[in-house]
Amino acid sequence: MNNLLFDFIVDKTAKTVFITREFDAELSLVWDAFTKPEILDQWTAPEPYTAKTKFMNFEVGGKRFYAMVSPEGHEGWILQKYTSISPKTNFKLFNSFADKNENPQLPGSDWDYTFSEHNGITKVSITIYNESLARIEKMIEMGFQGGFTMGLNQLEKLLITLSKK
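Residue numbers (our numbering): 694 to 858.
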């Protein structure tokens, strides 16, 4: 394995999580992995959970509505609203837990994704701002860091497979 960067920093004072991860894959492929539901569903849920996108419109004002499905079939729904998109460099969204009818459970969090490529290595920087300190603490209690890290590791393996196609 090469020495790809991976940082996961929780700043409770700023109510913000900073994640930086490098992937040995070209930018366009990594961008697709974060913006196409058929690829997102293959890596975003930490095993043994699966992700199931009900719908996704990747455009400003558009939404992704998806469930994290447990092995027993329990669905935890998440609603994401895209607030800004600069193709292949950045997108922003508002993320909230929701019920199966798309009713958000507030407060949510603002996610800011930035993509850059250098010498075939793509760096993804994610900033997650929570207006509620209680929410960020709940995310941490629920194992967000471990689950998100597992998802990114699954993405790393998936990118190797997709790069060969």
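All C-beta atoms, glycine included, are put in the ideal place defined by N, C-alpha and C. As the structure is a prediction and not an experimental result, all values here were calculated from the model.
Taking residue i as part of the alpha helix (DSSP H), name the residues at either end of that continuous run.
{"i": "Gly839", "result": "837-856"}
{"i": "Val723", "result": "720-728"}
{"i": "Leu826", "result": "826-834"}
From residue i to residue j, what distance separates their C-alpha atoms?
{"i": "Arg828", "j": "Phe787", "result": "14 Å"}
{"i": "Phe748", "j": "Ala760", "result": "10 Å"}
{"i": "Lys816", "j": "Thr743", "result": "25 Å"}
{"i": "Gln838", "j": "Pro741", "result": "16 Å"}
{"i": "Asn794", "j": "Phe758", "result": "10 Å"}
{"i": "Glu719", "j": "Lys831", "result": "35 Å"}
{"i": "Met694", "j": "Asp704", "result": "Here the model assigns Met694 a pLDDT of 45, short of 50, so the residue's position is not dependable, and the following value carries that caveat. Near 29 Å, if we compare the C-alpha coordinates of Asp704 and Met694."}
{"i": "Lys745", "j": "Leu772", "result": "12 Å"}
{"i": "Met835", "j": "Phe841", "result": "11 Å"}
{"i": "Glu731", "j": "Asn812", "result": "27 Å"}
{"i": "Gly754", "j": "Ile778", "result": "10 Å"}
{"i": "Phe701", "j": "Trp804", "result": "14 Å"}
{"i": "Ser802", "j": "Gly766", "result": "26 Å"}
{"i": "Lys858", "j": "Lys850", "result": "14 Å"}
Suppose contacts are defined by Cβ-Cβ distances below 8 Å. Is residue i in contact with residue j by that definition?
{"i": "Leu855", "j": "Leu733", "result": "no"}
{"i": "Thr820", "j": "Thr709", "result": "yes"}
{"i": "Thr807", "j": "Asn783", "result": "yes"}
{"i": "Pro797", "j": "Ala791", "result": "yes"}
{"i": "Ala726", "j": "Leu852", "result": "yes"}
{"i": "Trp736", "j": "Leu826", "result": "no"}
List the whole-angstrom C-beta distance separating residue i from residue j, where the pair is believed to meet the contact cut-off of C-beta under 8 Å.
{"i": "Thr728", "j": "Phe751", "result": "5 Å"}
{"i": "Leu697", "j": "Phe716", "result": "7 Å"}
{"i": "Lys774", "j": "Lys756", "result": "5 Å"}
{"i": "Ser818", "j": "Thr713", "result": "5 Å"}
{"i": "Pro739", "j": "Met843", "result": "4 Å"}
I need the boundaries of the beta strand (DSSP E) containing residue i, first residue and last residue.
{"i": "Asn783", "result": "783-791"}
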